[in-house]
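Undergrad:
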Ligand SMILES: Nc1ncnc2c1ncn2[C@@H]1O[C@H](COP(=O)(O)OP(=O)(O)OP(=O)(O)O)[C@@H](O)[C@H]1O
Ligand SMILES: [Mg+2]
């Protein structure tokens, strides 16, 4: 097990009489991408604000590389880069002026560091334009660049995919994976859409009403349920295929929206395809819908959206 | 402390990169140039020479007296000029002509505009960070909030200083171009607290601007405090400008009250104690006013600081 980059210990926040965060406990490891998922108002941003010292911690603590954000703020925050909520920068300044501005606030950031992050997020062309003219995707990228200036051990991104198109999301995924794998950075990504971040996360924590209700490893998911996965086949003729499945493999398959759907073990797939090929059934597509995590999420979230 | 220097540099950079700041300086320049042109065309400025200054002054007095008889409105102004002219004649002092130094001296009225602009900057310097959302990126650095606040306050004071120097230098240049320079350290006759006095213009510039700077700093600090507490630049600017304008009216409105002397604006004009003049309200003294000013200043700064350093930074 790798070392913990960030430790959240019984973290609580009350505003007035209302308890918004009700005791969170989890760890994020070096080189890991952690998805912090929950519906609107679950408390993601509040938790992140406490992690970076923007909000007072009512109870509990956050440790970054073993240093308490409460007791040892300066040392702890040195290891953190973050975007909290929107990637807001000074609109009347260029991307470069913004980066230099924030670089001056951290000891030891050089011009090389600035150039490095600019090229990492592919902003070389627009870096001397005013941020006011940037698209949301560009601002998001500049936000990430700003968060990486000082080579932090922990990168916190609050809803980085919000408002981005699929290409933009793919790009973010690309940076995030690279940082975790190549630079061993621990990344925390919050989102209210599991599907948007699922592909870049190693682990997912689900928060609802200020409580962490599930932590799940993304890859474990497949290993946990090996024997019966849903497979969808686009084959022609479909009727003949269903018959063959029944006679040759003793499997009951159904036809849904033109796709032959069946529950089988993963290892059976090659045999079935072999049968089809031998009997002149054309196979166009084999699909394994990756629905389990998403389903789990909605099981958990579904009720909370209403109440 | 290199840290604080960089932070202050950042704040100054953010002030001066905004177009609205440049608009302030352009406006100041236009007003100063306009005033120079106006004074140049309206007034007739004589150069007094060793031989002719006595006859010049006498001729001037005759002309002014004549004008006064025809136009009652000119009485006040003209008679004060005549009195000054007589002072020169009686004391046998050769007067200097009008020039850049006196133009600078008269332009101390521009300090009200400098105050206004400083209030605008002070009122926005914290509130704007909240409005832009950039406060979050500012506060997640290995720097204490106190230091960030201090750098912003220093930046406000530096802005005031730069703007003040701008007014003085530009006034001098415009004055020199239109009226010439009346010497290295000219002296003139003015109406002081104890009647007519022969004083150095430079001294007048220093004291005139200096006394007004106190009010500037107090109102800028006030706007800074409101900006920190309410995170609303319009409120901070509006309130500070209103108080700056209404300050003396507020004092005279409550003048008969026991506590009137504790009002900030009763104490911001320290020139009331200059030359041993009587203060506005009985029981006030220079040390009393200085103490009051220090107390107000500390209250403003501590209020701004405690809110800025303690409060949660959440969405607006
Ligand atoms: N200053 C505040 N005073 C009172 N309640 C607050 C305050 N800030 C947040 N809350 C409440 O705390 C809860 C969590 O808010 P938070 O912004 O952390 O949610 P979130 O998970 O980030 O949601 P979203 O997906 O909408 O960004 C919400 O119910 C909100 O109403
Ligand atoms: Mg949020």
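Protein chains in written order, with my numbering: chain A, 250 to 556; chain B, 547 to 862. For glycine and all other residues, C-beta sits at the position ideal for the given N, C-alpha and C. What you are looking at is a predicted structure, and each value in this text was computed from that prediction instead of being measured.
Please list the residues of the stretch 846–860 of chain B that have a C-beta atom closer than 7 Å to any C-beta atom in chain A, keeping them in chain order.
TA: The stretch 846–860 of chain B vs chain A, Cβ under 7 Å: 858, 859, 860.
Undergrad: Looking at the structure shown, is residue 272(A) part of a helix, part of a strand, or coil, going by DSSP?
TA: Residue numbering aside, residue 272(A) sits at position 23 when the first chain is read from its first letter. Strand at residue 272(A).
Undergrad: Tell me, please, whether the CB atom of residue 686(B) is closer than 9 Å to any CB atom in chain A?
TA: As a position in the second chain, residue 686(B) is number 140, starting the count at 1. Judged by the 9 Å Cβ criterion, residue 686(B) is in contact with chain A.
Undergrad: Would you kindly report the start and end of the unbroken alpha helix (DSSP H) that includes residue 693(B)?
TA: Position 147 of the second chain holds residue 693(B). Taken as a continuous stretch (DSSP letters only), the alpha helix (DSSP H) holding residue 693(B) covers 691–725.
Undergrad: Assuming residue 806(B) contacts residue 716(B) under a Cβ cut-off of 8 Å, what Cβ separation, rounded to an integer in Å, is found between them?
TA: Numbered from 1 along the second chain, position 260 holds the residue referred to as residue 806(B). Numbered from 1 along the second chain, position 170 holds the residue referred to as residue 716(B). Contact flag wrong, Cβ pair sits at about 38 Å.
Undergrad: Ligand 2 and residue 243(A): does the residue's C-beta get closer than 8 Å to at least one heavy atom of that ligand?
TA: Any question about residue 243(A) goes unanswered here, given that chain A covers just 250 to 556.
Undergrad: Which residue's Cα is closest to the Cα of residue 528(A): 440(A), 340(A), 486(A)?
TA: Along the first chain, read from residue 1 onward, the residue named residue 528(A) stands at position 279. That would be 486(A), whose Cα lies nearest to the Cα of residue 528(A).
Undergrad: Can you check whether the CB of residue 398(A) is closer than 9 Å to the CB of residue 421(A)?
TA: What you label residue 421(A) is simply residue 172 of the first chain in a count that begins at 1. What you label residue 398(A) is simply residue 149 of the first chain in a count that begins at 1. No.
Undergrad: Using a Cβ cut-off of 7 Å, which residues of the stretch 564–587 of chain B contact any Cβ in chain A, in chain order?
TA: The residues in question are 564.
Undergrad: CA-CA distance, residue 448(A) and residue 360(A)?
TA: The sequence position of residue 448(A) within the first chain is 199, counting from 1. The sequence position of residue 360(A) within the first chain is 111, counting from 1. Answer to the nearest angstrom: the Cα atoms are 33 Å apart.
Undergrad: Run through chain A and tell me which residues come within less than 7 Å of residue 689(B), C-beta to C-beta.
TA: As a working mapping, residue 689(B) is identified with position 143 in the second chain. Residues of chain A passing the Cβ test: 354.
Undergrad: Please list, in chain order, the residues of the stretch 659–689 of chain B that have any C-beta partner in chain A closer than 7 Å.
TA: Cβ contacts with chain A: 678, 679, 680, 682, 683, 685, 686, 687, 688, 689.
Undergrad: Residues in the same chain with beta-carbon distance under 6 Å from residue 502(A), minus the five sequence neighbours each way, listed in chain order, please.
TA: Translated into positions along the first chain, residue 502(A) becomes position 253. Around residue 502(A): 491, 494, 509, 511.
Undergrad: So, with DSSP's three-state summary, where would you put residue 843(B)?
TA: Locating residue 843(B) in the second chain gives position 297, where the first residue counts as 1. Reduced to three states, the DSSP call for residue 843(B) is helix.
Undergrad: Considering only heavy atoms of ligand 1, list every residue whose Cβ is less than 5 Å from one of them, following chain order.
TA: The set, ordered by position in the chain, is 264(A), 269(A), 289(A), 290(A), 291(A), 292(A), 293(A), 294(A), 295(A), 441(A), 860(B).
Undergrad: Which ranges would you report for the beta strand (DSSP E) in the stretch 319–387 of chain A if only whole runs of at least 3 residues count?
TA: As far as the stretch 319–387 of chain A is concerned, its whole beta strand (DSSP E) runs of at least 3 residues are 329–332.
Undergrad: What are the start and end residues of each continuous alpha helix (DSSP H) run of 4 or more residues lying completely inside the stretch 752–819 of chain B, in chain order?
TA: Segments of the alpha helix (DSSP H) lying fully in the stretch 752–819 of chain B: 779–799, 810–813.
Undergrad: Any heavy atom of ligand 2 closer than 8 Å to the beta-carbon of residue 774(B)?
TA: Residue 774(B) sits at position 228 when you count from the first residue of the second chain. Not so, every heavy atom of ligand 2 lies at least 8 Å from the Cβ.
Undergrad: Can you tell me whether residue 452(A) is helix, strand or coil according to DSSP?
TA: By 1-based counting over the first chain, the position of residue 452(A) is 203. Residue 452(A) falls in the strand class under three-state DSSP.
Undergrad: DSSP beta-bridge partners for residue 534(A)?
TA: As a first step, residue 534(A) must be located in the first chain, where it is residue number 285. Its beta-bridge partners are 483(A).
Undergrad: Report all residues from its chain with a CB closer than 7 Å to the CB of residue 424(A); omit the five preceding and five following residues, and keep chain order.
TA: As a first step, residue 424(A) must be located in the first chain, where it is residue number 175. Counting only Cβ-Cβ distances below 7 Å, and skipping sequence neighbours, we find 369, 370, 393.
Undergrad: Note down, in chain order, all residues in the stretch 549–560 of chain B with a beta-carbon under 9 Å from any beta-carbon belonging to chain A.
TA: The residues in question are 549, 552, 553, 555, 556, 559, 560.
Undergrad: Check the Cβ of residue 351(A) against every Cβ in chain B and list those closer than 7 Å, keeping chain order.
TA: The residue labelled residue 351(A) in the question sits at position 102 within the first chain. By Cβ distance, chain B contributes 683.
Undergrad: With a threshold of 16 other CB atoms inside 10 Å of the CB of residue 534(A), please say whether the residue is buried or exposed.
TA: Indexing the first chain from 1 puts residue 534(A) at position 285. So residue 534(A) ends up on the exposed side.
Undergrad: Check whether the Cβ atoms of residue 732(B) and residue 829(B) sit closer than 9 Å, and answer yes or no.
TA: Taking the first residue of the second chain as position 1, residue 732(B) is located at position 186. Taking the first residue of the second chain as position 1, residue 829(B) is located at position 283. Contact flag unset, no.
Undergrad: Please classify residue 596(B) as buried or exposed, where buried requires at least 16 other C-beta atoms within 10 Å of its C-beta.
TA: What you label residue 596(B) is simply residue 50 of the second chain in a count that begins at 1. Exposed is the call here.
Undergrad: Does any residue of chain B have a CB that is nearer than 9 Å to the CB of residue 375(A)?
TA: Looking up residue 375(A) in the first chain gives position 126. Answer no: the Cβ-Cβ gap between residue 375(A) and chain B never drops below 9 Å.
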